[in-house]
Structure formats: C-alpha cells, structure tokens
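Mapping of the sequence shown onto the UniProt record's numbering: position 6 corresponds to residue 6, and the numbering continues sequentially without gaps.
Ideal Cβ placement from N, Cα and C applies to all residues, glycine included.
The structure under discussion appears below in the form of structure tokens.
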Amino acid sequence: MTNPFDDPDADYLVLVNDEGQHSLWPAFAPAPAGWQPTFGPAGRQDCVDHIETTWTDIRPNSLAEAATRRPALG
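Here is the structure:
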C-alpha cells in the first residue's frame, strides 16, 4: 500500500484548523473533525505552494495572540 500523502498525481486539499494550522490532505478522504478545506482540490505541488504562501507564521493562533498581548521586557 502506498502512502496517499506522497502520490504526486493525486488531488489534495489544504485544510486549516481553528489555530490556523495548515495540513495537506488527500481529496478523497474526509477532513478530520476541527479542520476545514480552504484550497483545492488541486495537485500536490499547488497545495504545497499555497501552504507556503499563506501560512507564514507557523505558531498556533493562540500562541501568536498571547505573544502580542504580553508586555515587552526591559
């Protein structure tokens, strides 16, 4: 059995969860609970390119928001 995440000829989706984290997901498989499709179906490389373009801060949203609320030291 081949890994469905590695098939360069398959269609994929980009999923995003409430924390803003992104995932490459095979288009044939249902999205897991808490994840919503935001791009695709499209080729694997198109989805990877989309993730690299749109997910520029890999911190979960809650961590990024906490960092902006914390007062600066010094």
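Taking the alpha-carbon of residue i as reference, which of the options has the nearest alpha-carbon?
| i | options | result |
| --- | --- | --- |
| V14 | P60, A27, A66, S62 | A27 |
| N3 | A29, N61, D46, A33 | A29 |
What number of angstroms, rounded off, separates the C-alpha of residue i from the C-alpha of residue j?
| i | j | result |
| --- | --- | --- |
| W25 | E19 | 17 angstroms |
| S41 | Y12 | Reading the sequence as shown, one finds Pro at residue 41 and not Ser. Going from the Cα of P41 to the Cα of Y12 covers about 5 angstroms. |
| R69 | P37 | 29 angstroms |
| G34 | H22 | 12 angstroms |
| R59 | V16 | 13 angstroms |
Sort out for me which residues DSSP pairs residue i with in a bridge.
| i | result |
| --- | --- |
| S23 | L15 |
| W55 | For W55, which the question treats as bridged, DSSP gives no partner whatsoever. |
| V45 | A small correction: the amino acid at residue 45 is Gln; Val does not occupy that position in the sequence shown. Paired residues: none, contrary to the question. |
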